[in-house]
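A quick write-up on the structure given underneath.
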Amino acid sequence: TAGRGAKMAAAVSGATARKSEEIADLIDLFSKTQYRAKEVTPRVDRIEKRCLELFGRDYKFSIVQNSNGEVCGHYPRQIVYLEYESTEPNKESFESTVQISKLQDLVNRSKLARCRGRFVCPVILYNGKHVCRSSTLAGWGELYGRTGYNYIFSGGSDDTWAESEEVPEDDTAVRNGDSQLFDKVRGSDIKLLKYLSVRFICDLMVENKKVKFGLNVTSSEKVDKAQRYADFTLLSVPYPGCEFFKDYKDRDYTAEGLVFNWNQDFVDAPLTIPACFTKNLNIDWREYQSWDLVQQTQNYLKLLLHIINSDDESGLLVHCISGWDRTPLFVSLLRLSLWADGAVHASLEPAEILYLTIAYDWFLFGAEGSAGRSAGRSAGRSVSDKAHFVRSYSYNIMHCY
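Here the numbering used here is used: the first residue of the sequence shown is 3, the next is one more, and so on.
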């Protein structure tokens, strides 16, 4: 018996060591490489397969195909659409609840609506509701460049603007037809959101529109002039972007006492949250500009958990500008927090959920780990810190109210 116990202990120790090596190898690759769907190595292929295996432990899912990045070059080649939790007696059977061909078509039609083609993508399934991620809405300049609109509507003649991603959204020379084009692509985006039963949109941008060289290069739902997103509950919860993580790194990864400078010229998006979400949380939201990074992240996470528990049927979209720094941060914190409470990925061990969130939420969705010494790696490091304080402050569902 003693010998058997020793063997079991050795086996457990060996498995733990392998999982630690697996995570170390993943972080090493992530710190050196930005994922591209059309440039997959055997090492990356193993990561993709491992993620599918981990999802399959607890869920039945369908796949949205993105084999060579034809839908989005920096989304996974096989995008997981979680359908329902699988139970032990029915592990082997699977009856799809979705028309995957229709979902694939909606994705293809809607991708132009968002910056860099990073369309609304479901990533967490919680009590039958989807938590989704994306980039913000594309502005006129990017939309113009990527659709070849100028070429299509000018009888085939081309000019230098067709390649531009930074055409001013308000330029009178191109505004005559923009409303029709916006109606089409943003209409497709809205159809996808409604197909996924998303009602709440949480925008992490600190600006209303991203301005570069004096031009509006992206937009957002909250400033859509035609109010196409009026059917959704929009929340503006400004959170500093990857540039701010340099300050985090320079402070030796200490988030306590690190406060964002809200007085910068480009910061023009105020905190805007419907009263129904603020009255029960015991947070003085008027003080948000005085919070350090720890307080801000805690309070925003508490808000997101409150939102996904406030409605029995409606899902949530979280996005920043490109959707690859702030967005994966909060998606991964949501996944870890819900997992810690036993609400998602119930069969995964700590090392497995950590692997899944780094691999899927960060790496396979194109987060820039290489820009990492000043931004990406700092953000990746912060996941561990924030996962720690999620636990230490008991930020689970039962403490949300």
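Cβ coordinates follow ideal geometry from the N, Cα and C atoms, glycine included. These numbers were taken from a predicted model, which means no experiment stands behind them.
Nearest-angstrom Cα separation, counted from residue j out to residue i
i, j, result
"N265", "F246", "14 Å"
"Q67", "V109", "10 Å"
"G64", "K131", "For the record, residue 64 in the displayed sequence is Ser; it is not Gly. Going from the Cα of S64 to the Cα of K131 covers about 16 Å."
"T235", "R111", "23 Å"
"V261", "K304", "19 Å"
"E171", "W142", "For E171, the pLDDT reaches just 44, beneath the cut-off of 50, and the residue's location in the model is therefore unreliable, leaving the point undetermined."
"D173", "D30", "Note that D173 scores 46 on pLDDT, short of 50, meaning its location in the model is unreliable; the coordinates nonetheless yield the value given after this. So the two alpha carbons sit approximately 45 Å from each other."
"T162", "L145", "Residue placement at T162 is poorly supported in this model, since its pLDDT is 29, which falls under 50; the coordinates are not used for a value here."
"A228", "I310", "27 Å"
"K21", "L331", "22 Å"
"Y302", "L366", "24 Å"
"R188", "D267", "29 Å"
"H401", "L283", "With a pLDDT of 42 at H401, under the threshold of 50, the modelled position of this residue cannot be trusted; read the value that follows with caution. Taking the straight line joining both Cα atoms gives about 10 Å."
"H321", "Q106", "21 Å"
"V208", "S238", "8 Å"
"D254", "D327", "19 Å"
"G378", "L307", "Since pLDDT at G378 reaches only 36, below the 50 mark, its modelled position is unreliable, and no value is offered."
"Q101", "Y290", "43 Å"
"L195", "R118", "18 Å"
"L114", "I81", "18 Å"
"C53", "V346", "15 Å"
"F32", "R45", "11 Å"
"A19", "D252", "31 Å"
"S292", "K281", "20 Å"
"E23", "S88", "29 Å"
"D314", "N129", "8 Å"
"V269", "D294", "17 Å"
"F215", "A342", "With a pLDDT of only 43 at F215, under the threshold of 50, the placement of this residue in the model should not be trusted, and no figure is reported."
"G75", "T99", "27 Å"
"Y197", "V225", "23 Å"
"F184", "K211", "16 Å"
"D47", "T35", "14 Å"
"G58", "Q297", "35 Å"
Limits of the alpha helix (DSSP H) - the one that residue i falls within
i, result
"G317", "Element bounds for G317: not the alpha helix (DSSP H) but the beta strand (DSSP E), 317-321."
"D205", "Where D205 is concerned, there is no enclosing alpha helix (DSSP H), although the beta strand (DSSP E) it sits in stretches over 200-205."
"Y302", "295-310"
"Y357", "352-358"
"W326", "Segment: none, W326 is in no alpha helix (DSSP H) and carries neither H nor E."
Expected contact under 8 Å - CB spacing of residue i and residue j to nearest Å
i, j, result
"E223", "D205", "7 Å"
"Y83", "K62", "That pair is no contact at about 10 Å."
"S103", "S199", "About 19 Å; that fails the 8 Å criterion."
"A271", "P242", "Wrong, their Cβ atoms sit about 12 Å apart, outside the cutoff."
"S349", "D60", "5 Å"
"V133", "V333", "7 Å"
"L127", "L358", "Incorrect: roughly 13 Å between the Cβ atoms, too far for contact."
"T220", "A277", "Not confirmed; about 29 Å, so no contact."
Residue i: first and last residue of the uninterrupted beta strand (DSSP E) it sits in
i, result
"S64", "61-67"
"V133", "131-136"
"L237", "235-238"
CB of residue i within 8 Å of CB of residue j, strictly
i, j, result
"T274", "R135", "no"
"V125", "D363", "yes"
"T138", "I323", "yes"
"Y37", "G259", "no"
"L28", "A361", "yes"
"I77", "R116", "Ile is not the amino acid found at residue 77; the sequence shown has Tyr there. Against a cut-off of 8 Å, the Cβ pair of R116 and Y77 comes out as no contact."
"K51", "N70", "no"
"L335", "I203", "no"
"Y231", "I285", "no"
Bridge partners - residue i, DSSP secondary structure assignment
i, result
"L139", "R116"
"F121", "Looking at the DSSP assignment, F121 forms no beta bridge with any residue, so it has no partner."
"Q80", "Q67"
"Y128", "K131"
"Y86", "K62"
"T274", "S238"
"T220", "A140"
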